[in-house]
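Student: Next up is a structure, given as structure tokens.
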Amino acid sequence: MTSSIHTNSIPSAVDVNNLKQAPKLEGVLPVFFHRWSPRSFADREVNPAMLAKVFEAARWAASSFNEQPWRFFVGVRGSSTWQKIFESLQEFNQSWTKSAPVLMVNAAHLKFTHNGAPNRVALYDLGAATSYMTLQASALGLATHQMAGFDTEKARRSLGIPQDYVMGAAIALGYQGEPSALPNEKLIQQEVSPRSRRPLEEFVLAEWGVPAKLS
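Position 115, counted from 1, in the sequence shown is what the numbering used here calls 125; the numbers after and before it change by one each time, with no gaps.
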């Protein structure tokens, strides 16, 4: 690794995980503050039973007409599915996902099965299921990192995904690894930087430009 950061000055995975924790708010489930998106993954496989629990959570997400339009294509390291997903990723994402024990892409069916009508909220429902999945993963001590940076058509072709499904995101899943294992300084800096979020008044609105009154 060519970096001006000295290895002994890079925070440990435990230190970074503590740094990334959001300020707790009484009454809000702790898992929402605990979840974040590392890029360094430990050389540790994920038990299939753990994966089943992660997707069981996704299964119970709400969806329009209970359509459940989501599909998750999941590859464990060493499988052809993992390799196909990896090869669809942009080079930047390949540089760090090569250590991830699980790679996946998701997609959503664009039509309702009960009448064939367009489902304009298919991608919205896919996002809900994915959020459930990532939160359950975090509750189990797993880490996830979602990515827009992949060749959707290459993934579609290699995985045989029909054209009436809209592609969502690629996702890496595993156990958080040491920041020092990342291949370059830019990635390390991103890994060890604090998180930030917009204040509520910027996105919880009574009308455009007018914050809703929450207290």
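Backbone N, C-alpha and C fix where the C-beta goes; we use that ideal spot for every residue, glycine too.
Looking at C-beta atoms only, is the number of pairs between the stretch 38-48 and the stretch 86-94 that lie closer than 8 Å three or more?
Tutor: No, because fewer than three Cβ pairs between the stretch 38-48 and the stretch 86-94 fall closer than 8 Å, the two stretches do not touch.
Student: Would you kindly report the start and end of the unbroken beta strand (DSSP E) that includes N116?
Tutor: Taken as a continuous stretch (DSSP letters only), the beta strand (DSSP E) holding N116 covers V112 to H119.
Student: For K30, count neighbouring C-beta atoms within 10 Å of its own C-beta (all shown protein chains included) and say buried if the count is 16 or more, exposed if not.
Tutor: Looking at its Cβ environment, which holds 16 or more other Cβ atoms inside 10 Å, K30 is buried.
Student: According to DSSP, is Y185 part of a helix, a strand, or is it coil?
Tutor: Coil.
Student: In the DSSP assignment, what are the bridge partners of G85?
Tutor: L113, per the DSSP bridge assignment.
Student: Using DSSP bridges, identify the partner residues of W80.
Tutor: In DSSP, W80 forms a bridge with A118.
Student: Going by other Cβ atoms of all chains shown within 10 Å of its Cβ, with 16 needed for buried, is V115 buried or exposed?
Tutor: Flag for V115 reads buried.
Student: For Y175, tell me which candidate among N129, A72, A68 and E201 has the shortest Cα-Cα distance.
Tutor: Ranking the options by Cα distance to Y175, first place goes to N129.
Student: Under the three-state reduction of DSSP, which class applies to F160: helix, strand or coil?
Tutor: Residue state, collapsed to three classes: strand.
Student: Quick one: Cα of N237 to Cα of V26, how far?
Tutor: The chain is shown from 11 up to 225; residue 237 falls before or after that span and cannot be answered.
Student: If I'm right that S98 touches G187 with Cβ under 8 Å, what's the distance once you round it to whole angstroms?
Tutor: The Cβ separation is near 22 Å, so there is no contact.
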